[in-house]
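Participant: Just so we're aligned, residue 1 is where the sequence shown starts under my numbering, counting upward by one. Where a beta carbon is used, it is the ideal one built from N, C-alpha and C, also for glycine.
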Amino acid sequence: MNNFDKVYHELLERVRDTGSKKSDRTGTGTTSLFGHQMRFDLSEGFPLLTTKKVFFKLVATELIWFMRGDTNIKYLLEYNNNIWNEWAFKRYVESDEYHGPDMTDFGRRALIDESFNEDYKREMDQFKQNILNDEVFAEKFGTLGNVYGKQWRHWEGPDGKIVDQLKNVVEAIKTNPYSRRHIVSAWNPSEIETMALPPCHSLFQFYVSDNKLSLQLYQRSADIFLGVPFNIASYSLLLILVARECGLEVGDYVHTIGDAHIYNNHADAVETQLSRTSFKPPTIKINSDKSMFDLEYEDFEVVDYESHGYISAPIAV
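Shown next as structure tokens:
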């Protein structure tokens, strides 16, 4: 078992074996524990898990979306990235402008009612087409509120001052590398109610030592089967990009979790993944000299990624 998959499997096993049964906001139910930390040495490769396929295209396009300060899913849909669709769709079907079939609790109902699932898929497909082809509709219903991109690049304080946290932290690493203030926070208490989903990966901090850059993420809430594999890859990629921007080598990616949980309807999928052995981890190439803020998805290349197949599981909205 390679070290990246091993560390992640240990998290799955710990939550499965020692977590407590809890109800949750989505009504799905979880097995949960509080407080877990993982460490990944990026000199060993890129932590794209191999015991199930993790789609790098989705990871990279979401990260680019964050780094650009974007909060509208149109960019993601242009790359067939559907990971934020449900939250935008929820806002639409709860609005006065939606006149289709009742979509209340669509995430759960689509799993247990085949007839409803057909209606849901049809409405979601139409919603996506409207986002892609109707600028007015996209502007109104594609936005997720003041989520990650807004906070990273356009944080607004109570005095109305706008702060570009990500660009500021990059410049601070260049000019004052040993500072203990290299922090970006997505948790803006004054704007939580404006967000389709309050930030789960809520704060990250950079650390420089021996010409190596490390990054630690604090994630308040972690869907460890569906979400965490993407989070691991995303923040590891961010670390690689900032190290490259600042002329540093990569160090460790440290992932600290508050509420680590397995949804009840992911239990079988977890067992499937835990039954698998790993492959050698891949590496990442960036085929461009552009700044991290100007990179496109097409500038990235995943080298030697071999994995087991994708394991599907329902998302809790």
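#1: Pull up the distance between the alpha-carbon of T277 and that of F141, whole angstroms please.
#2: What did DSSP end up calling F243 once you bin it into helix, strand or coil?
#3: Look at the alpha carbon of Y305 and the alpha carbon of G227, and state the distance between them as a whole number of angstroms.
#4: At a cut-off of 8 Å, would you count G157 as near the ligand SAH, judging by its Cβ distance to the nearest heavy atom?
#5: Within its chain, find whatever has a CB closer than 8 Å to the CB of N188; leave out the 5 residues flanking it on each side and keep chain order.
#6: Would E298 pass as a contact of K285 if the rule is Cβ separation under 9 Å?
#7: The alpha helix (DSSP H) that contains D17, what's its start and end?
#8: Straight-line CA distance for E171 to N287?
#9: Determine which residues share a DSSP beta bridge with L213 and list them.
#10: Taking C-beta to C-beta, are D5 and L49 nearer than 9 Å?
#11: State the Cα-Cα distance for the pair Q37 and I257, rounded to the nearest angstrom.
#12: By Cβ distance, which residues of its chain are closer than 6 Å to V163, with the 5 residues on each side in sequence left out?
#13: Skipping 5 residues on each side, what residues in its chain have a beta carbon closer than 6 Å to that of Y98?
Facilitator: So, from the listed chains and residues:
#1: Roughly 42 Å between the two C-alpha positions.
#2: Checking the sequence, you will find Ala at residue 243 rather than Phe. Helix at A243.
#3: 20 Å
#4: Looking for the ligand SAH in the displayed structure turns up nothing, as the structure carries no ligands at all.
#5: N146, Q151, W155 and E156
#6: no
#7: N3 to T18
#8: Going by the C-alpha atoms only, they are around 23 Å apart.
#9: Answer is V208 and V250.
#10: yes
#11: Rounded to the nearest angstrom, the two C-alpha atoms are 6 Å apart.
#12: W155
#13: Y92
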